[in-house]
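In this note's numbering, the protein residues as written are 15 to 926.
All residues carry an ideal CB built from backbone N, CA and C; glycine is no exception.
Have a look at this one:
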């Protein structure tokens, strides 16, 4: 519970973890947290102390429990509260506050932010207070919760809970008590946490967001979600009064999610995004000025009206509110300048003191106080009338003797009543013991207690339930085994069907191939073989001529490359190396294609050879069968002719014999024709056999040529590897030279920038000095004219010259001090800007070198050639050394920025 009075602004600092982009860019952590001392260290020795500090591993619950929980409880006592999230863009403000809701649920997750947790606690405490009042027999308190959600976009207030965008109709109003309110903004009554979260989600969807180089979902406006709690409850009893007064309490809770400060150079914002960034930075600058004035404790005017943001937060900063500022920072060394600015911002905010008081209705409060005073006076009057109190001779109020005697008797009576209750309890215990002993003496069994009976019944029920569950498990297990057996059976059947399908396709293919005509296939094979052999021979001759020509050119290039190469001719030599390597690669591709083509032709020729062998076997079988048939027919013819000759000699030749002779002669003629055809076919087969021998010789020749080509391929690959080594060596030397030249150029550029900056400082200082001198001369002339001529005094002649001299010396010293302070401030400011710009350049250089390292690593992973991998390893080592150098430069720049901040405290600034 909060107490009335002054309360300083509490400041909590949260360090978010490195995000994926920062880890990919190998950013280092520059902020460390010392939770025991509530300190955060930036860089090496820049320390800040705050009320709460949370490191990288801190969760949402810890932040809420330590910082916000008590503020929500204070609402029920009428105390206003504010939670303010500040930090650079992408530092985790919206995540911490929980403004961007994806889903609405009563359950809290580890990712749930401050606002949903506060809403849940608010309604839970409302229920607890209602239940507590019921238990005490008191009237139930009545609560009314209202919410409003607005955003400040480009210095225009927009209501997020309505679809009507009318910024002109919204006004900021200040009542007589100094409380700030908005006129024209809708306030939604809510009855539960889910309804409140739905309202919050609806407003968050209407909020303006955009994408920048530093944050994909960047808030482009300041958002303020406000919860109003109005309650009516019975007041506490005071004195001896038995009546309770009704008091009315009002409180509000601001949840402020500020847009992140940003630099346009880093965010890459243009157009509308740039205008939004400028408006955001202007509002934060005004807020910083208010914090500077309130934190300085010097009084003076507080510029609340410079911005609508500071006007809306007037209650929270220096007003009637308990305020918590959550400063969200990035631990990346590339964001050190913004992180340092945020910590300076928060360090001044903790010096602000608010005036906290409960928001109770004034009329009810006055009436309650008057009634309490009346009750006290009536109690005193009753004491005097009853004789309890009287005044002594000195006018001092004392108790009477009768009252004191009554008090003693009352005390003695209470002691006797206590003793009687003790004796009655002892008597009851003895009586119970006596009854127990009498029952045991008569052996009367004791009845079971109700609890024991219920316990046995419950045990039987549990046993039955357990047996039922076991039976169900056994039944399910048997069903599972049956299902597995069926699955195995189905899988075996599917496998068998697949095998049968493959066999059917093979049989169908063989049947299809067997339907082709033999003569036609032989002719096609012969034609194909001749064409393939002719094409292969022509291709080999062309390739051999090309290979010999290129080998001669490569050898001549090798002899030419043996000489020394001057620095002026390095580019020409690089081109020559590249051309030679490209020519070798082309030769290698051609050789590979030729080898593949020859191997394919050899396979086709071998296939045709096997087919010719089979065909010759078939022809030989047919010829042998034909010879056998001819011999058989001739033998039969001779036998028949012999019979005919015998018959002729006997003079018994008949017409039947003539007919038979004629048939046999026809059959012999037919067989002789078939024999001639077979002999012609045999001659053709012999021709094919001779062609087969030629094909075999051609195959042998082609195999030898393939071996020669493979040998040439190996030599060519070796030449390519050698050329690659030469090219990589030349490239490495060239890169080393370029890196050395780039380093030297960078040194020269830094020196030039330093000299230009120094010259600009001197020029600025000279102009400023001349302006101040002119202004001082004008002021001196005005004062001289105003005073008029001096009148000499006799007694002060001696003293006048020393006084004038003293005045001149004092003015010169004052001017010298002003000049030194202005010069030092200008120099440090310019140096700070230079350091920040150089830090940005080094961060960009780190991104570039990391991309190059990633590309080289990808090439190394894809390459299988050991020589190429060795060259890539050397290149990778050089780039990693360069990355180490850049990391050391970034660390050195961060240290210089922190040292500069330690030596001089600057006013809060926002970088544009």
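TODO: With a threshold of 16 other CB atoms inside 10 Å of the CB of residue 887, please say whether the residue is buried or exposed.
DONE: By 1-based counting over the chain shown, the position of residue 887 is 873. Exposed: under 16 other Cβ atoms inside 10 Å.
Task: residue 276 and residue 102 closer than 8 Å at C-beta - done: Residue 276 sits at position 262 when you count from the first residue of the chain shown. Residue 102 sits at position 88 when you count from the first residue of the chain shown. Yes, they are a contact pair.
TODO: Please classify residue 839: is it buried, with 16 or more other beta-carbons within 10 angstroms of its beta-carbon, or exposed?
DONE: Counting from one through the chain shown, the residue named residue 839 turns up at place 825. Under this definition residue 839 is an exposed residue.
TODO: In the DSSP assignment, find the unbroken alpha helix (DSSP H) run with residue 75 in it and report its ends.
DONE: Indexing the chain shown from 1 puts residue 75 at position 61. Boundaries of the alpha helix (DSSP H) around residue 75: 74 to 77.
Task: Contiguous alpha helix (DSSP H) assignments of at least 4 residues, all confined to the segment 54 to 125 - done: List check, alpha helix (DSSP H) in window: 74 to 77, 83 to 89 and 107 to 111.
Task: Segment contact flag, the segment 114 to 131 with the segment 183 to 201, C-beta cutoff 8 Å, min 3 pairs - done: Flag = no, the segment 114 to 131 and the segment 183 to 201 do not touch.
Open item on the list: What does the alpha-carbon distance come out to for the pair residue 106 and residue 224?
Closed with: On the chain shown, position 92 is the one that residue 106 refers to. On the chain shown, position 210 is the one that residue 224 refers to. Cα-Cα distance, rounded: 15 Å.
TODO: Alpha carbon to alpha carbon, how far is residue 114 from residue 219? Give it in angstroms, no decimals.
DONE: Indexing the chain shown from 1 puts residue 219 at position 205. Indexing the chain shown from 1 puts residue 114 at position 100. In this structure, the straight-line span from the alpha carbon of residue 219 to that of residue 114 is close to 8 Å.
TODO: Classify residue 165 as buried or exposed, calling it buried when 16 or more other Cβ atoms lie within 10 Å of its own Cβ.
DONE: Numbered from its first residue, the chain shown carries residue 165 at position 151. Buried.
Open item on the list: DSSP three-state label for residue 652, please.
Closed with: Position 638 of the chain shown, counted from the first residue, corresponds to residue 652. DSSP places residue 652 in helix when its eight states are reduced to three.
Task: Cα-Cα separation, residue 854 to residue 897 - done: Here residue 854 refers to the residue found at position 840 of the chain shown. Here residue 897 refers to the residue found at position 883 of the chain shown. Per the coordinates, the alpha-carbon of residue 854 lies some 15 Å from the alpha-carbon of residue 897.
Open item on the list: Using a Cβ distance threshold of 8 Å, determine whether the segment 151 to 171 contacts the segment 292 to 311, with at least three qualifying pairs required.
Closed with: A contact between stretches requires three or more CB pairs, one per stretch, nearer than 8 Å, and the segment 151 to 171 meets this requirement with the segment 292 to 311.
TODO: Using 10 angstroms around the beta-carbon of residue 728, count the other beta-carbons present and answer buried if the total reaches 16, otherwise exposed.
DONE: Sequence index remark: in the chain shown, residue 728 carries index 714 (1-based). Result: exposed.
Open item on the list: Looking at residue 344: is its Cβ nearer than 8 Å to the Cβ of residue 30?
Closed with: Along the chain shown, read from residue 1 onward, the residue named residue 344 stands at position 330. Along the chain shown, read from residue 1 onward, the residue named residue 30 stands at position 16. Against a cut-off of 8 Å, the Cβ pair of residue 30 and residue 344 comes out as a contact.
Task: Local conformation of residue 929 per DSSP, three classes - done: With the chain covering only 15 through 926, there is no way to say anything about residue 929.
Task: CA nearest to the CA of residue 39, picked from 874, 867, 880 and 884 - done: On the chain shown, position 25 is the one that residue 39 refers to. Residue 867 holds the alpha-carbon nearest to the alpha-carbon of residue 39 among 874, 867, 880 and 884.
Task: Nearest to residue 650 (by Cα), restricted to the options 136, 674, 211 and 780 - done: Translated into positions along the chain shown, residue 650 becomes position 636. Residue nearest to residue 650 within the set 136, 674, 211 and 780 is 674 (criterion: CA-CA distance).
- [ ] Please state if the CB of residue 889 and the CB of residue 870 are separated by a distance shorter than 8 Å.
- [x] Translated into positions along the chain shown, residue 870 becomes position 856. Translated into positions along the chain shown, residue 889 becomes position 875. Note that the C-beta distance between residue 870 and residue 889 is below 8 Å.
Open item on the list: On the DSSP letters alone, give me the boundaries of the alpha helix (DSSP H) that residue 351 sits inside.
Closed with: Walking along the chain shown from the start, residue 351 turns up at place 337. For residue 351, the enclosing alpha helix (DSSP H) starts and ends at 350 to 363.
TODO: Let me know the secondary structure DSSP gives residue 184 once reduced to three states.
DONE: By 1-based counting over the chain shown, the position of residue 184 is 170. Coil, per DSSP.
TODO: List the DSSP bridge partners of residue 884.
DONE: The residue labelled residue 884 in the question sits at position 870 within the chain shown. By DSSP's assignment, residue 884 forms no beta bridge with any residue.
Task: Boundaries of the alpha helix (DSSP H) in which residue 304 is found, first to last residue - done: Numbered from its first residue, the chain shown carries residue 304 at position 290. Segment 286 to 310, the alpha helix (DSSP H) holding residue 304.
- [ ] Inspect the CB distances between the segment 316 to 332 and the segment 71 to 82 and report whether three or more fall short of 8 Å.
- [x] Proximity of the segment 316 to 332 to the segment 71 to 82 falls short of the contact definition, fewer than three beta-carbon pairs being nearer than 8 Å.
Open item on the list: Can you tell me which residues form a DSSP beta bridge with residue 48?
Closed with: Here residue 48 corresponds to residue number 34 of the chain shown, with the count starting at 1. Note: residue 48 sits in a beta bridge opposite 53.
TODO: Determine the extent of the alpha helix (DSSP H) in which residue 34 is found, giving its start and end residues.
DONE: Locating residue 34 in the chain shown gives position 20, counting from the first residue. If you look at residue 34, you'll find it in the alpha helix (DSSP H) that goes 34 to 38.
Task: For residue 914 and residue 835, the rounded distance between their alpha carbons - done: Position 821 of the chain shown holds residue 835. Position 900 of the chain shown holds residue 914. Each residue's alpha carbon lies about 15 Å from the other.
Open item on the list: Could you compute how far the alpha carbon of residue 607 sits from the alpha carbon of residue 716?
Closed with: Within the chain shown, the letter at position 593 stands for residue 607. Within the chain shown, the letter at position 702 stands for residue 716. Straight-line spacing of the CA atoms in residue 607 and residue 716 works out to 14 Å.
Task: Cβ contact (3+ pairs, closer than 8 Å) linking the segment 89 to 103 and the segment 46 to 56 - done: No: fewer than three Cβ pairs fall under 8 Å.
Open item on the list: Please state whether the Cβ-Cβ distance between residue 911 and residue 32 is less than 8 Å.
Closed with: As a position in the chain shown, residue 911 is number 897, starting the count at 1. As a position in the chain shown, residue 32 is number 18, starting the count at 1. By the CB criterion at 8 Å, residue 911 and residue 32 fall outside the cutoff.
Open item on the list: Please report the straight-line C-alpha distance between residue 63 and residue 268, rounded to a whole angstrom.
Closed with: Here residue 63 refers to the residue found at position 49 when the chain shown is read from its first residue. Here residue 268 refers to the residue found at position 254 when the chain shown is read from its first residue. Rounded to the nearest angstrom, the gap between the Cα atoms of residue 63 and residue 268 is 25 Å.
- [ ] Count the C-beta pairs between the segment 146 to 155 and the segment 297 to 315 that are closer than 8 Å, then say yes if the count reaches three, no if not.
- [x] No, the segment 146 to 155 does not touch the segment 297 to 315.
Task: Spatially closest choice to residue 689 from 678, 641 and 859, by CA coordinates - done: Along the chain shown, read from residue 1 onward, the residue named residue 689 stands at position 675. Looking at the Cα atoms, 641 is the closest of the given residues.
- [ ] List the DSSP bridge partners of residue 239.
- [x] Taking the first residue of the chain shown as 1, we reach residue 239 at position 225. Under DSSP, residue 239 shares a beta bridge with 163 and 269.
Task: Proximity winner among 893, 678, 878 and 735, relative to residue 2 (alpha-carbon distances) - done: In the structure as shown, the chain starts at 15 and stops at 926, and residue 2 therefore has no counterpart that could be examined.
Task: Within 8 Å, strictly: CB atoms of residue 237 and residue 247 - done: Looking up residue 237 in the chain shown gives position 223. Looking up residue 247 in the chain shown gives position 233. Not closer than 8 Å, so no.
Task: Inter-residue Cα distance where the pair is residue 883 and residue 761 - done: Along the chain shown, one-based indexing puts residue 883 at 869. Along the chain shown, one-based indexing puts residue 761 at 747. So the two alpha carbons sit approximately 33 Å from each other.
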